[in-house]
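Asks: Chains as they are written, first to last, in the working numbering: chain A, 6 to 274; chain B, 675 to 1010.
Even glycine gets a Cβ: it sits at the ideal position worked out from N, Cα and C.
Since this is a predicted model, take the numbers as computed values, not measurements.
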Amino acid sequence: MGALDAAELKSSSPQRIVSINLCTDELLLQLVGPERVAALTKFSADPEVSTVASQAKNIKQIKGGIEDVQACGPDLLVGGRFSHKETLRFFEHSGTPVLTFRLPKNFEDIYADIRKLAGAVGETEKGEAIIGGMQADLAAFKKDSPPFVKRGILKKAFFFQSGGVVPGSGTFENAIMEAAGLENLAATMGIRDYGSLSLEKLIEMKPDVLIFSSDQKQKPTVRGEVLNHPAIRKALPQVKNVILPSTILICGSPASIEAVRILVKETNP
Amino acid sequence: MTPKSRSSVKETPAWFLYGLLGTALGVIFLWSLNVGPIKIPLWNALFHPSSDGAFILWDIRLPRAILGLLVGATLGLAGAAMQGFLRNPLAEPGVLGVTGGAALGAVLVFYTGLASAFSLALPLGGILGAFLSVLLLYLFAGRLANVQTLILAGVAINVIAFSGTSLVLNLTKDPYAVLDIVFWQMGSLADRSFTHVFLALPFILIGWGWLFWDRRALDALSLGEETAASLGVDLKALRLRMILGTALCVGAAVSVCGSIGFVGLVVPHLLRPFVGHEPGKLLGVSALGGAILLLLADIAVRLIPSIVELKLGVVTSLIGAPFFILLIFQMRRKLL
């Protein structure tokens, strides 16, 4: 939380909002029109990383330094907790309303973030509508799940990230997998947050599904080639590979519902 | 080496030394196949070719052990050859920047996408990087370099390679890719496959061949360049073979395993007393010793309990750096 409490901002309606974090860029454009946004990050219009690239195209883009932001004359500054700390602190002390957001760990966190930002920009109803839509989507995925999920037999999955890293319990990836009716084997193994997974352990755990993000599979990465290791092909010939677009994985946002939708569709043919 | 110091050392018979090191290597190789995050009964794996154990043994652990052997032998051999050729006990591919240059070459090939266009680009990139580093080294330090010049040249090349790699990190947009490069640079044999073995093997073998070719010339060279020339050593050809041989085997090794330092420094030093300080004889035993040391380090990496697997290059540096400092202390005593 920044210098001002969200409750104090509730009645106000800032017109020159500046965001210095890609995830707050995305959240902000879900809630307000481009005319109320003074500047976003330079990533916001990059279709390779941003889910709001087309809406952000005509908005000024900045790097997020103190002078950049000052030049925009913001009446509300939003950002992530960990990037451009100096800028956030500077504007907190100079009396500009500042809102900071943590990395969400589950869908409840996203709802809370949406409520917090919606309150600050005076769009409470729009925020609730977005949250309602997300909840309805998630409920629909649960209902559509085939009988084996209802019997409690979940498909076992790993979310295999670069360098053999797998997200365990307490991560947003875990929340996405659970929402799609999958068992996150890394969480089963007792990994909290992120841990590393050797190829041998992966084979021993016998996953039904391996999830990758698209840039791992498509772009050349040093360790990305582990994914094509012959041992995986031979020991797990039946395994289902699901590739999620990396843009919808970078931030926990309303777009994350799309990741759940793809997982449900791909794992329940 | 002066003739006096040579005669004062009692040489171990070559057959005994090779027999001992060879047996140790065989045992450690088998041990390496038996070590991993999950237990697989080796007999079961051998007799049930489509069990998980068999896949893990043949497709994960065997290429890992073979690569450990190849890379370790390469680093030990290249270290011994460089020390003999430069007549300098601190010469080593890692300290002198050859490993760093190879790593930069390989990283560049990866992030320009060349490696995915054709797979041979990877070892070629590593080899080219190593080649340029060795070339720079001999340009900077020359033939008659003293210890200080040589080490300074090594520092300079390491700095160039490091800034180059940092530049790639700096320009990479994708945070996963940044993580990849950083981890890769720490050096590891984890989760490699036979693809890597076959990519690197031909270059490594040719490099070894060139380095071994000159074992007698290196002995002659230890008596001084003029004496060597009068004994019929073609110094120009020797230098060329040394540069190419080192670049080929070190470049190919680094391009599949990342930077693994200090093996080439430690091993020749430990074994030198047993071969009567003759650089030519040191080559073969250093290759065996390097393979043993790297396989042992790779076993240690898997046995030491840690949440995230330790990186091989980190372990060899932790062993090698104190050794390096010790050597410098010894040399300082001699120099002053």
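Taking all protein chains shown into account, decide if P52/A is buried (16 or more other Cβ within 10 angstroms of its Cβ) or exposed.
Replies: exposed
Asks: Comparing the C-beta of V227/A with each C-beta of chain B, is any distance below 8 Å?
Replies: For V227/A, the pLDDT reaches just 49, beneath the cut-off of 50, and the residue's location in the model is therefore unreliable, although a value from the coordinates is still provided. At least one beta carbon of chain B lies nearer than 8 Å to the beta carbon of V227/A.
Asks: Residues of chain B with a CB under 7 Å from the CB of E209/A: which are they?
Replies: I712 and D726
Asks: Work out the CA separation of T990/B and A185/A for me, nearest whole Å.
Replies: 44 Å
Asks: Kindly say whether L782/B, judged by its beta-carbon, lies nearer than 8 Å to any beta-carbon of chain A.
Replies: no
Asks: Taking only beta-carbon atoms, is P19/A less than 8 Å away from chain B?
Replies: No, P19/A does not count as interfacial toward chain B.
Asks: Can you pull the chain B residues whose beta carbon is under 8 Å from the beta carbon of A192/A, in chain order?
Replies: Result: empty, since nearest Cβ-Cβ is about 15 Å, beyond 8 Å.
Asks: Given that a residue counts as buried once 16 or more other Cβ atoms are within 10 Å of its Cβ, and exposed if not, what is E130/A?
Replies: exposed
Asks: Strictly below 9 Å CB to CB, what residues from chain B border K62/A?
Replies: Ordered by position in chain B, no residue passes the 9 Å Cβ test against K62/A, which lies about 19 Å from the chain.
Asks: Starting from S203/A, find everything on chain B with Cβ-Cβ shorter than 8 Å and list it in chain order.
Replies: G710, P711, A864, D865 and E983
Asks: Exposed or buried, W705/B, counting other C-beta atoms within 10 Å across all chains shown (16 or more means buried)?
Replies: exposed
Asks: Report buried or exposed for R738/B, applying the criterion of at least 16 other Cβ atoms within 10 angstroms of its Cβ.
Replies: buried
Asks: Per DSSP, what kind of secondary structure is E72/A in: helix, strand or coil?
Replies: helix
Asks: Specify the secondary structure class of G787/B as computed by DSSP and reduced to three states.
Replies: Coil.
Asks: Below 8 Å between beta carbons: does that hold for V808/B and L796/B?
Replies: V808/B places its beta carbon 8 Å or farther from that of L796/B.
Asks: Anything in the segment 242-273 of chain A with a Cβ closer than 7 Å to a Cβ of chain B? List those residues in chain order, please.
Replies: Per Cβ criterion, the list is empty.
Asks: Any Cβ of chain B within less than 8 Å of the Cβ of A240/A?
Replies: yes
Asks: Indicate the three-state DSSP secondary structure (helix, strand or coil) for L1037/B in the structure shown.
Replies: For chain B, the structure presents residues 675 to 1010; residue 1037/B sits outside this window and is missing.
Asks: Using the DSSP secondary-structure output, state which residues sit across from R197/A in a beta bridge.
Replies: S174/A
Asks: List the whole-angstrom C-beta distance separating F997/B from L939/B, where the pair is believed to meet the contact cut-off of C-beta under 8 Å.
Replies: 7 Å
Asks: Determine the chain B residues that contact P235/A at a beta-carbon separation under 8 Å, and present them in chain order.
Replies: Scanning chain B for C-beta atoms nearer than 8 Å to the C-beta of P235/A yields D733, S867, F868 and T869, reported in chain order.
Asks: When you compare the segment 901-910 of chain B with the segment 235-253 of chain A, are there three or more beta-carbon pairs, one atom per stretch, that lie closer than 8 Å?
Replies: Not touching, per the Cβ criterion.
Asks: Can you give me the Cβ contacts of V821/B inside the same chain, cut-off strictly under 7 Å, excluding the 5 residues immediately before and after it?
Replies: N762, L764 and M1005, listed in sequence order.
Asks: Mind pulling the chain A residues with CB within less than 9 Å of I801/B?
Replies: Correct list: empty, because the minimum Cβ distance to chain A is about 17 Å.
Asks: Could you say which of I255/A, C256/A, A260/A and L249/A lies nearest to K270/A if we only look at CA atoms?
Replies: L249/A
Asks: If I702/B sits next to I878/B, beta carbons under 8 Å apart, how far is it from one beta carbon to the other, in whole angstroms?
Replies: That pair is no contact at about 19 Å.
Asks: Below 8 Å on C-beta distance, what does K206/A contact in chain B?
Replies: P711 and I712
Asks: Hey, quick one: how far does the alpha helix (DSSP H) through F165/A stretch, first residue to last?
Replies: Segment: none, F165/A is in no alpha helix (DSSP H) and carries neither H nor E.
Asks: What's the call for P953/B, buried or exposed, on a 16-neighbour Cβ count within 10 Å?
Replies: buried
Asks: Would G861/B pass as a contact of C923/B if the rule is Cβ separation under 8 Å?
Replies: no
Asks: Hey, out of T46/A, N179/A and A236/A, whose CA is closest to D73/A's CA?
Replies: T46/A
Asks: Please decide whether F721/B counts as near chain C, where near means a Cβ-Cβ distance under 8 Å.
Replies: The chain inventory of the structure shown lacks chain C, comprising the protein chains A and B.
Asks: Taking only runs that begin and end inside the segment 903-940 of chain B, name each unbroken beta strand (DSSP E) of 3 or more residues, in chain order.
Replies: none
Asks: Less than 8 Å between the CB atoms is what I'm expecting for G173/A and I208/A, so what's the real figure, rounded?
Replies: So it is not a contact: roughly 18 Å between Cβ atoms.
Asks: Compute the Euclidean distance between the alpha carbons of E31/A and L254/A, then round it to the nearest angstrom.
Replies: Rounded to the nearest angstrom, the two C-alpha atoms are 12 Å apart.
Asks: Determine the direct distance from the alpha carbon of F792/B to that of S837/B, and round the result to whole angstroms.
Replies: 26 Å
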